[in-house]
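In my numbering, the protein residues as written are 1186 to 1430. Reviewing the structure listed below.
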């Protein structure tokens, strides 16, 4: 797996630090020892994070995110005590709550989350974030980037140039159509609609952080969009009234 994936997955994991989730630097020495014994891990792997499903947070059960993929160690209520998904397998998985404590991972594996069952939706969100990272890898830094002309807000010729954009072109969030934003940013229909509606209300955005705040994006998602976006100067939406005396 390319190193750039691992860097981005590590960044995603750092956003999820919690009492049930341990990025590498927060894993204690005791948990570290228990993980290698209980999960039967190969000693050469690089651990990125641990989801600990035990009540006592001892690292004996749960799920490990590593450089090679996902390692699973279940509690006794399921038939799937051990499971491993490499990254190619993981990016194709579907996740769904099953029963009171389990999370189905594909059609065959159940992940028992009895110690942190109230966090299932957050775990699913984490898995989907990682899948998006795998499905949309960062482009090589050496690739030349075409920067579109964004100086003239409302210039039809400028907007038309977006149709000729290359795969690596920046898109002007303040003038692009909803369809262009949907295609270029990959945020989905509703988030894209929010961008356009907000833009029509206030006149536009000054920076990507404003888009992130509007859509409640995570830091790594904002950084992904930063390399795809540009922002024209905002025309004031404030109307003035001339009063005759």
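Quick reminder that beta carbons are idealized off the backbone N, C-alpha and C, glycines included.
* **Complete runs of the beta strand (DSSP E) confined to the stretch 1268-1306 [at least 3 residues]** => Fully enclosed beta strand (DSSP E) runs of 3 or longer: 1280-1283, 1287-1290 and 1294-1297.
* **Residue-chain proximity (residue 1299, chain C), Cβ-Cβ < 8 Å** => Protein chain content of the structure displayed is limited to a single chain, and chain C is not contained in it.
* To do: Would you identify the three-state DSSP class for residue 1314, choosing helix, strand or coil?
  => In the chain shown, the residue the question calls residue 1314 occupies position 129. Under the three-state reduction of DSSP, residue 1314 is assigned to helix.
* Asked: Terminal residues of the continuous alpha helix (DSSP H) containing residue 1193?
  -> Locating residue 1193 in the chain shown gives position 8, counting from the first residue. Residue 1193 -> alpha helix (DSSP H) spans 1188-1199.
* With DSSP run on the structure shown, which of helix, strand or coil describes residue 1258? -> For the purposes of this step, residue 1258 is taken as the residue at position 73 of the chain shown. Strand.
* Check the DSSP bridge columns for residue 1251 and list the partner residues they point to. => The residue given as residue 1251 occupies position 66 in the chain shown. DSSP, once it has assigned bridges, lists 1232 as partnering residue 1251.
* Asked: Which term fits residue 1358, buried or exposed, when burial requires 16 or more other beta carbons within 10 angstroms of its beta carbon?
  -> Along the chain shown, read from residue 1 onward, the residue named residue 1358 stands at position 173. By the 16-neighbour rule on beta-carbons within 10 angstroms, residue 1358 is buried.
* Separation of residue 1381 from residue 1365, as counted between CA atoms -> In the chain shown, residue 1365 corresponds to position 180, counting from 1. In the chain shown, residue 1381 corresponds to position 196, counting from 1. Each residue's alpha carbon lies about 11 Å from the other.
* Asked: Between which two residues does the beta strand (DSSP E) harbouring residue 1241 extend?
  -> Indexing the chain shown from 1 puts residue 1241 at position 56. Counting along the chain, residue 1241 falls outside any beta strand (DSSP E), and DSSP gives it neither H nor E.
* Asked: From what residue to what residue does the alpha helix (DSSP H) around residue 1221 run?
  -> The sequence position of residue 1221 within the chain shown is 36, counting from 1. Element bounds for residue 1221: 1214-1223.
* Asked: Who does residue 1401 pair with in a DSSP beta bridge?
  -> By one-based count along the chain shown, residue 1401 stands at place 216. Paired residue(s): none; residue 1401 is not in a bridge.
* Asked: So, are the CB atoms of residue 1201 and residue 1235 less than 8 Å apart?
  -> What you label residue 1201 is simply residue 16 of the chain shown in a count that begins at 1. What you label residue 1235 is simply residue 50 of the chain shown in a count that begins at 1. The answer is no: Cβ separation not under 8 Å.
* Asked: Grouping DSSP H, G and I as helix and E and B as strand, with all else coil, what is residue 1418?
  -> To locate residue 1418, count along the chain shown from 1; it is residue 233. Secondary structure at residue 1418: coil, using DSSP grouped into helix, strand and coil.
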